[in-house]
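A short write-up of the structure that comes next.
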Amino acid sequence: MNRNFVYISEEVDAYLNMARDEWFLDHVQADSMILHLYCNENAVIIGKNQNPWVECNLSNMEKDGVRLARRVSGGGAVYHDGGNLNFSFICGEDRGDKEACLQLIETALKSLGISCDRSGRNDMLRQGKKFSGNATAFRKGKMLFHGTLLISSDLEKLGAYLTVDPQKIQSKGISSVRSRVCNLTEAVPELTLKGAQKAILCALAQRDGYYGEWSFSASEAEEVAQYHSRHRSEAWRLGETPRFDYQWKKRFPWGGVQLLFSFEKGKIAKLSAFSDAMDPDFCHRLEAALTGIPFRDEDILLALKKDPSPEFSDLATCSFIPL
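Each residue of the sequence shown is one higher than the one before, counting from -4 in my numbering.
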């Protein structure tokens, strides 16, 4: 029985396409591979743990009719329009990995005459400029690896809708987010989204053989509609705007962190953590680790050292007490 499927979305609704990504992640069989290709029209997509009030210019987005969507994976904010082709690979953890997915995209690009390099934690570059970013989510032994390809996007709008941390820009030695990105049509002027899509499908067929076309049953479509409802809700997209007593911010090679502390009787009564770190569970673990402990460096660092991840290890070298 065939276990390989392709689903090409005809809708440009970011909430619906994010909902389908999550539904596939929850329902894909461990021995299956699903490739989901789609385009989102006029949307900013933020990572699971990002603060939209910090990452986005919400007033400009509202004025121009740009949607705010939140994905289930980590990482940073991206702008999508009709010039973006987005790809999602969903499979069991034993069936595929990030490296294999990236190699397939690189093979497809090479067939179009486009060579690329890798940089940082999740960037694909052409001549030093980024045209693709990606992120990963894991759930119950399944993996979602998704990313975007800038084909012919309106790059001037990036600065209007994304509020990039100046420390992030400075760490890359550049003056603006616009100066570090490019469209693939700069390399192949005649390239279209359909052309890039075809190249990916050809590379997939050459690697794995036949992929069937996925279709949703009536009951599955009803389930996706429930995911869709949550993805377009303000509770998911915006989250709460927490009150806090003290803010702590710092940027690391793996991403930035914003911590909003609320105190009661000298202890951390509540912590709201935001980050563009690639690990989608990082903020949840951080909040759980620090909530309820005394607000003292020695107690905070002791709690942080219990988690062996590189993010926690780097945080454990910091001081959190205001001078």
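Quick reminder that beta carbons are idealized off the backbone N, C-alpha and C, glycines included.
Just so you know, these numbers come straight off a predicted model, no measurement behind them.
Grab me the residues of residue i's own chain with a C-beta within less than 6 Å of its C-beta, minus the 5 sequence neighbours each way, in chain order.
{"i": "N81", "result": "Y33 and T143"}
{"i": "K244", "result": "Q253"}
{"i": "R66", "result": "M13 and I40"}
{"i": "N52", "result": "Y156 and T158"}
Does residue i pass the burial test, meaning 16 or more other C-beta atoms within 10 Å, or should it be called exposed?
{"i": "D203", "result": "exposed"}
{"i": "D274", "result": "buried"}
{"i": "I263", "result": "buried"}
{"i": "F211", "result": "exposed"}
{"i": "A194", "result": "buried"}
{"i": "P270", "result": "At residue 270 the sequence reads Ser, which differs from the Pro that was named. Looking at its Cβ environment, which holds 16 or more other Cβ atoms inside 10 Å, S270 is buried."}
{"i": "E50", "result": "buried"}
{"i": "R113", "result": "exposed"}
{"i": "Y10", "result": "buried"}
{"i": "A213", "result": "exposed"}
{"i": "S83", "result": "buried"}
Which whole-angstrom value is the C-beta distance of residue i and residue j, which I expect to be below 8 Å?
{"i": "W249", "j": "A272", "result": "6 Å"}
{"i": "N117", "j": "A103", "result": "Actually they are not in contact, since the Cβ atoms of N117 and A103 sit about 18 Å apart, beyond 8 Å."}
{"i": "S148", "j": "G71", "result": "That belief does not hold up - the Cβ atoms of S148 and G71 are roughly 16 Å apart, past 8 Å."}
{"i": "S224", "j": "A132", "result": "20 Å between Cβ atoms; not a contact."}
{"i": "P305", "j": "S267", "result": "Actually they do not touch by this definition, with Cβ atoms about 22 Å apart."}
{"i": "F290", "j": "F239", "result": "The pair is not a contact, with the Cβ atoms about 12 Å apart (cut-off 8 Å)."}
{"i": "L196", "j": "I146", "result": "No, L196 and I146 are not in contact; Cβ-Cβ is about 15 Å, not under 8 Å."}
{"i": "R280", "j": "D302", "result": "6 Å"}
Spatial neighbours of residue i within its chain, please: C-beta separation below 7 Å, excluding the five flanking residues on both sides.
{"i": "N55", "result": "A155 and Y156"}
{"i": "E218", "result": "W18"}
{"i": "E36", "result": "V7, D76 and G77"}
{"i": "D26", "result": "R(-2), G87 and R90"}
{"i": "C111", "result": "E101, L104, M119, L120 and R121"}
{"i": "L296", "result": "A311"}
{"i": "L285", "result": "I263, L266, I295 and A298"}
When the Cα of residue i is compared with those of the options, which residue comes out closest?
{"i": "W231", "options": "N46, F19, G251 and S4", "result": "N46"}
{"i": "H75", "options": "I29, S127 and H31", "result": "S127"}
{"i": "F315", "options": "D294, P303 and E185", "result": "D294"}
{"i": "I3", "options": "L107, Q192, E181 and G261", "result": "Q192"}
{"i": "G108", "options": "A64, E57 and V183", "result": "V183"}
{"i": "K137", "options": "L299, K300 and D16", "result": "D16"}
{"i": "D21", "options": "K43, A298, W48 and I85", "result": "I85"}
{"i": "S106", "options": "G261, Q221 and L199", "result": "L199"}
{"i": "L179", "options": "K93, H226 and K124", "result": "K124"}
Note down, in chain order, each residue of its chain lying with its Cβ closer than 8 Å to the Cβ of residue i, except the 5 sequence neighbours on either side.
{"i": "Q24", "result": "R(-2) and G87"}
{"i": "I288", "result": "K262, I263, D294, I295 and A298"}
Less than 8 Å between CB atoms is the rule here; does residue i satisfy it with respect to chain B?
{"i": "A264", "result": "In the structure shown, chain B does not exist; there is a single protein chain."}
Problem - Every unbroken beta strand (DSSP E) inside the stretch 75 to 105 [3 residues or more] - result: Runs of the beta strand (DSSP E) inside the stretch 75 to 105: 79 to 87.
Handout entry: Complete runs of the beta strand (DSSP E) confined to the stretch 12 to 82 [at least 3 residues]
Key = Qualifying beta strand (DSSP E) stretches, in chain order: 28 to 33, 38 to 41, 62 to 65 and 73 to 75.
Practice task
Could I get the ranges of all uninterrupted alpha helix (DSSP H) runs contained in the stretch 199 to 282, with 4 residues as the minimum, in chain order?
Solution key: 213 to 226 and 229 to 232
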